[in-house]
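Participant: This structure is in structure tokens; I'll ask about it shortly.
Numbering (the working numbering), first residue to last: 46 to 112.
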């Protein structure tokens, strides 16, 4: 905003340097986030177990006598 009003004052105060530093910092943080997410996806493998039913949970099905 100050560049539009007084470009010489903005140049003297090095305002662009602060903006560029903030942009570079955010790019660096995003690169770290992407790297960490990629590592987490590799380690996020789930080992599935066979389902185990208790005997009282198994329904008593009628036997088919029509054979």
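Note that the Cβ used here is the ideal one computed from N, Cα and C, for glycine as well.
Taking 7 Å as the cut-off, does the CB of residue 89 come closer than this to any heavy atom belonging to the ligand MN?
Facilitator: The ligand MN is not part of the structure shown, which contains no ligands of any sort.
Participant: Which of helix, strand or coil does DSSP assign to residue 95?
Facilitator: Of the three classes helix, strand and coil, the one that applies to residue 95 here is coil, per DSSP.
Participant: If you follow the alpha helix (DSSP H) that residue 84 is in, where does it begin and where does it stop?
Facilitator: Per DSSP, residue 84 belongs to the alpha helix (DSSP H) from 60 to 88.
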